[in-house]
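Using the UniProt record's numbering, the first residue of the sequence shown is number 1, and each one after it goes up by one.
First the structure, in the form of structure tokens, and then the observations on it.
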Amino acid sequence: MPAGLPGPESDGGAGSEAAWDVVIVGAGPAGSAAAMVLSGFGRRVLLLDRSVAHGFKLGESIAPGALGLVRHFLGEPESFPDDLAFFRTAGNLSVWADAAPQTTDFFFTPVGHGLCVDRVAFDEALRRRAARMGATLLTGARFVSCARAADGSADWLATVAVAGGQRRCRARFLLDCSGRQAAVGRALGVGHARLDRLFAYARWYDSPLADEDRLTRIEAGPQGWWYSNRLHAAGAGSRRLVVFHGDRDTPAARDAASAAGFDRLLRDSVLLRPLLRDRAYAARGPVRGAPAHSQRLDAFCGEGWLAAGDAAQAYDPLSSQGIWKALDTGSQAGHAAHDLLQEDTQDGGRAADERARQLRQYAQRQARAWETYRAQLGFYYASQPRWRDAPFWRRRQDAAAWDPVRADTMTPV
């Protein structure tokens, strides 16, 4: 029998099983937000972080509409930890509906600006905050499987791979915040649906010159679309991120995976290539890649578990909702799990009916969010009329292709 994880009701000895109210699989923004909410209610929380060190993460741009949640979980930007670099962004400069650049000025939003953050440091700050609030953070811990305890209780026994081998922990509730892999949902046999094959190919550029630009740049092209933002540079000079988004099965995307191919695609850019040239930017390091497709679980929750963040539904970066969605759904999942655990302590069929009602409510809220997102994304892609016959854009003009999900997925399992 594997040794247990040290926890609130375990001494960590051989054969022991740590008992937790909630085990959260995944320690990104959604998992950390859920951990903070649950710890605030006094719940015993184990937050599993698959990585020991985090060195690569896209998604550094925070839209004005997400700043309220950022302040709620981390405080005002001026009070951010010293290692969390940021600057205020002024808006977006895009070449999308036609060849003329269009500016969206954040001055006209309620908060007046967005943020660009060091995403690795941002996620780490959230994890540290969750730990300070009482959650137990376990790094280098990969979720393997879960099953109901054999003692007649409703508890879960989750198997986790750590450096010393496999360990087991006992939990009353599981939260799946594991990102696109949706580790808990898939372990429970829940299917998932993908809308597309979008993949992000990223490259970093350095310049010896000062660059005070505070606009996020977005540009449509025949084979996909581009994104660029200036990043915080620790020393003299400037740093910039450039990302190409294309369908992974297309020749252009395969080209973008190499430095030479990335450079060839970038030559056709009317917005980014002149910027990089005029400000003396030079590429550094290899091209890095990350999935960017839209997907959702067939069921968002069930008896004793919920999915949140990208594990529940992952969005195209064009939506600019990544951090907002993670913090929002993580918070929702934390509150829902607490309420469900409250009902779990009650006896009789009335409590079971109430749990079922709460699960339906959570699933319906997620389903509505997905439908809203899907409609908005379809609108944004349809608003780009050029290159309609190019494979990347043609795929996104067919409305029927955007809804491969079964009609019964609002029902929890």
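Glycine residues also receive a C-beta, built at the ideal position from the N, C-alpha and C atoms.
| Query | Result |
| --- | --- |
| For residue 83, the nearest candidate out of 63, 333, 121, 67 (CA to CA) | 121 |
| At least 3 beta-carbon pairs within less than 8 Å: the stretch 284-296 vs the stretch 192-201 | yes |
| Chain C contact for residue 24 (CB, 9 Å cutoff) | Absent from the structure is chain C; it holds one protein chain and no more. |
| Selected residue, minimal CA-CA separation from residue 282, among 385, 144, 263, 72 | 263 |
| Cβ pair count under 8 Å reaching 3, the stretch 159-177 against the stretch 22-30 | yes |
| For residue 267, the three-state DSSP class (helix, strand or coil) | coil |
| Distance between residue 125 and residue 434 (C-alpha atoms, nearest Å) | Any property of residue 434 remains undetermined from this structure, which presents the chain solely from 1 to 413. |
| Buried versus exposed, by CB contacts within 10 Å (16 or more), residue 223 | buried |
| Alpha carbon of residue 15 to alpha carbon of residue 150, nearest angstrom | Residue confidence is low: residue 15 scores 37 on pLDDT, short of 50, so the model does not pin down where it sits. Its coordinate-derived value is still stated next. Approximately 15 Å, taken between the alpha carbons. |
| Coarse secondary structure for residue 368, derived from DSSP in three states | helix |
| Local conformation of residue 250 per DSSP, three classes | coil |
| Cβ-based burial, residue 102 [other Cβ within 10 Å; buried from 16] | exposed |
| Cβ shell of residue 9 (< 6 Å), same chain only, five flanking positions each side left out | Confidence at residue 9 is low in this model, with a pLDDT of 46, below 50, so the placement of that residue is unreliable and no value is reported for it. |
| Of the residues 216, 311, 323, 132, the one placed nearest residue 184, counting alpha carbons only | 311 |
| Range of the contiguous beta strand (DSSP E) that encloses residue 105 | 102-105 |
| Beta-bridge pairing of residue 166 - partner residues as DSSP gives them | 161 |
| Residue 256 CB to nearest heavy atom of the ligand FMN below 8 Å | Judged by which ligands are present, the structure shown has none, so any question about the ligand FMN falls away. |
| Beta bridge counterpart(s) of residue 414 as assigned by DSSP | Absent from the model: residue 414. The displayed extent of the chain is 1 to 413, so no value can be given. |
| CB contact flag (residue 226, residue 276, <9 Å) | no |
| Straight-line Cα distance separating residue 209 from residue 237 | 5 Å |
| Beta-carbon proximity list for residue 243, same chain, < 6 Å, skipping 5 on both sides | 200, 202, 227 |
| Nonlocal neighbours in the same chain, by C-beta distance under 8 Å from residue 140, ignoring five residues either side | 49, 50, 51, 52, 162, 163 |
| Span separating the alpha-carbon of residue 256 from that of residue 268 | 13 Å |
| Exposure label - residue 166; buried when at least 16 CB within 10 Å | exposed |
| Bounding residues of the alpha helix (DSSP H) (the contiguous stretch that carries residue 186) | 183-187 |
| In DSSP terms, what residue 243 is bridged to | 202, 227 |
| Other residues of its chain near residue 329: CB distance less than 7 Å, five sequence neighbours each side excluded | 30, 308, 309, 312 |
| Whether residue 38 touches residue 271 by CB criterion (9 Å) | no |
| Residue 372, buried or exposed, once every other Cβ within 10 Å from all chains shown has been counted against 16 | exposed |
| Neighbourhood of residue 396 by C-beta distance below 7 Å, restricted to the same chain and skipping five residues each side | 381 |
| Residues that DSSP places opposite residue 295 in a beta bridge | 194, 314 |
| Cβ-based burial, residue 252 [other Cβ within 10 Å; buried from 16] | buried |
| CB contact flag (residue 188, residue 302, <9 Å) | yes |
| Beta carbon of residue 359 nearer than 9 Å to that of residue 377 | no |
| Selection from 106, 45, 58 that minimises the alpha carbon distance to residue 67 | 106 |
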